[in-house]
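Be aware that the sequence shown starts at 403, since it is given in the working numbering, and climbs by one per residue.
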Amino acid sequence: MRVTQTMLTQTNLKHLSSSYNTLAKVQEQLISGKRIQRASEDPVVAMQGIRYRTEVREVDQFRRNVSEATSWMDLTDSTLNEVTEAVKRIRELTTQAANDTYESSQRAIIKSEIDQLVEHIGSLANAKSGEKYIYNGTKTDQPLIDMAALKAFLADPAADVDSIYTGGVPTDSGKISFEVSKGITMQVNMQPEAVFGRELFEGLRDLSRLLGDETSGGADLSAQLATLDTLGQNLITERAELGARANRLELVDNRLQDHEIIAKTIMSDNEDIDIERVIMELKSHETVHRAALSAGARIIQPTLLDFLR
Numbered sequence: 403m404r405v406t407q408t409m410l411t412q413t414n415l416k417h418l419s420s421s422y423n424t425l426a427k428v429q430e431q432l433i434s435g436k437r438i439q440r441a442s443e444d445p446v447v448a449m450q451g452i453r454y455r456t457e458v459r460e461v462d463q464f465r466r467n468v469s470e471a472t473s474w475m476d477l478t479d480s481t482l483n484e485v486t487e488a489v490k491r492i493r494e495l496t497t498q499a500a501n502d503t504y505e506s507s508q509r510a511i512i513k514s515e516i517d518q519l520v521e522h523i524g525s526l527a528n529a530k531s532g533e534k535y536i537y538n539g540t541k542t543d544q545p546l547i548d549m550a551a552l553k554a555f556l557a558d559p560a561a562d563v564d565s566i567y568t569g570g571v572p573t574d575s576g577k578i579s580f581e582v583s584k585g586i587t588m589q590v591n592m593q594p595e596a597v598f599g600r601e602l603f604e605g606l607r608d609l610s611r612l613l614g615d616e617t618s619g620g621a622d623l624s625a626q627l628a629t630l631d632t633l634g635q636n637l638i639t640e641r642a643e644l645g646a647r648a649n650r651l652e653l654v655d656n657r658l659q660d661h662e663i664i665a666k667t668i669m670s671d672n673e674d675i676d677i678e679r680v681i682m683e684l685k686s687h688e689t690v691h692r693a694a695l696s697a698g699a700r701i702i703q704p705t706l707l708d709f710l711r
């Protein structure tokens with residue numbers, strides 16, 4: 403078969419075009435850091451990439467849920483600690499007031515401080531995490547305690563304790579849970595009646611009333627210490643239960659961190675390039691391309707027109 407100059411030229415251009423395409427592909431890999439730029443280049447890698455990215459996004463969402471749950475529990479523990487300290491202070495004041503040597507004026511001062519502590523406890527019951535009230539069950543858009551009603555309740559021995567709750571109804575016992583891992587949900591809120599129930603405020607109102615009653619004696623006040631001890635022990639029990647949940651949440655978060663690292667590593671192995679290998683490949687293709695250009699220059703011989711210029 404007769405090989406013409408045109409055939410040589412076309413063949414050379416074809417190989418140069420292929421070399422350019424190869425260089426462009428390798429350069430694109432180096433710029434993007436990804437093995438493939440389009441799913442059609444390697445459907446298996448593309449499908450695996452979709453699955454791995456879905457898994458990483460899922461783990462990220464679980465970790466955000468854990469973070470929100472942790473913030474909720476931390477705030478709950480902080481407020482419970484303040485309530486516990488307030489009850490301790492009330493007990494100390496009650497022990498002082500139970501001394502029969504105390505005059506009514508001295509007890510009145512103690513009563514005033516205890517009333518302030520009770521109102522402080524009421525304000526803690528209205529603690530918020532972000533825009534959500536944490537102690538009113540599923541009614542996170544409403545405070546648990548009506549502070550004006552609480553003040554009126556302390557001043558009126560005949561007032562119904564339910565009047566201090568927002569809307570004048572008993573507390574909402576709904577549970578708020580977060581999905582913190584696949585198939586695992588955790589309750590983050592405390593049952594309001596377990597911490598800020600009727601017994602707490604009725605017991606403190608009775609104590610305040612006794613301190614304001616000049617006919618009450620030390621024995622009457624001493625009898626209230628048992629009630630305060632029960633309230634304090636209940637708070638300790640609730641905090642212990644909350645602490646157990648927080649510890650489990652920390653374990654879940656640690657496992658999610660490990661899972662996230664593994665998932666991202668697998669995704670990277672599937673999609674990302676080996677930088678060193680691709681650079682070496684690029685250098686190799688550049689060498690081949692330069693050789694092809696040099697060979698082409700020798701193959702495409704001068705024509706008569708070149709000499710007529």
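Cβ coordinates follow ideal geometry from the N, Cα and C atoms, glycine included.
Residue i - partner residues in DSSP beta bridges
{"i": "F580", "result": "M588"}
{"i": "Y537", "result": "According to DSSP, Y537 bridges with nothing at all."}
{"i": "K530", "result": "Y535"}
{"i": "Y504", "result": "None, per the DSSP bridge assignment."}
{"i": "I547", "result": "Y567"}
Bounding residues of the alpha helix (DSSP H) (the contiguous stretch that carries residue i)
{"i": "G451", "result": "445–499"}
{"i": "T629", "result": "620–673"}
{"i": "D608", "result": "600–614"}
Reference residue i; option with closest CA among the options
{"i": "G634", "options": "E487, R455, L477", "result": "E487"}
{"i": "P594", "options": "E533, R453, L482, R509", "result": "L482"}
{"i": "M669", "options": "G539, E505, V458, N501", "result": "V458"}
{"i": "S618", "options": "D543, G539, T496", "result": "T496"}
{"i": "D502", "options": "V461, G620, E601, I492", "result": "G620"}
{"i": "T517", "options": "T542, T689, D558", "result": "Sequence check: residue 517 is Asp here, not Thr. Ranking the options by Cα distance to D517, first place goes to D558."}
{"i": "L519", "options": "M549, S469, T689, D660", "result": "M549"}
{"i": "I638", "options": "R679, A596, R607", "result": "A596"}
{"i": "F464", "options": "L556, D660, E533", "result": "D660"}
{"i": "F555", "options": "R692, R607, I511", "result": "R607"}
{"i": "S473", "options": "T667, A648, A665, K685", "result": "A648"}
{"i": "S507", "options": "S531, E616, K553", "result": "E616"}
{"i": "D462", "options": "K666, R679, R692", "result": "K666"}
8 Å Cβ shell around residue i - same chain, five flanking residues per side excluded
{"i": "I547", "result": "G524, S525, A527, N528, I566, Y567, T568, F598"}
{"i": "L612", "result": "S618, D622, L623, Q626"}
{"i": "L609", "result": "I492, T496, I516, L623, Q626, T629, L630"}
{"i": "Y535", "result": "N528, A529, K541, T542, D543, Q544, P545, L546"}
{"i": "K490", "result": "G634"}
{"i": "E460", "result": "K584"}
{"i": "I586", "result": "V654"}
Same chain only: Cβ atoms within 7 Å of residue i, ignoring 5 sequence neighbours per side
{"i": "N672", "result": "V447, Q450, G451, Y454"}
{"i": "G605", "result": "T629, L633"}
{"i": "A551", "result": "S565, I566"}
{"i": "M592", "result": "T478, Y537, E640, L644"}
{"i": "A471", "result": "F580, V582, M588, V590, L651"}
{"i": "R600", "result": "V563"}
{"i": "G576", "result": "G539, T540"}
{"i": "L602", "result": "L633"}
Sequence-distant residues of the same chain with beta carbon closer than 6 Å to residue i, five excluded per side
{"i": "G614", "result": "K513"}
{"i": "T456", "result": "none"}
{"i": "A500", "result": "G620, L623, S624"}
Closer than 8 Å: residue i CB and nearest the ligand ATP heavy atom
{"i": "I512", "result": "Among the components of this structure there are no ligands whatsoever, and the ligand ATP is therefore not found."}
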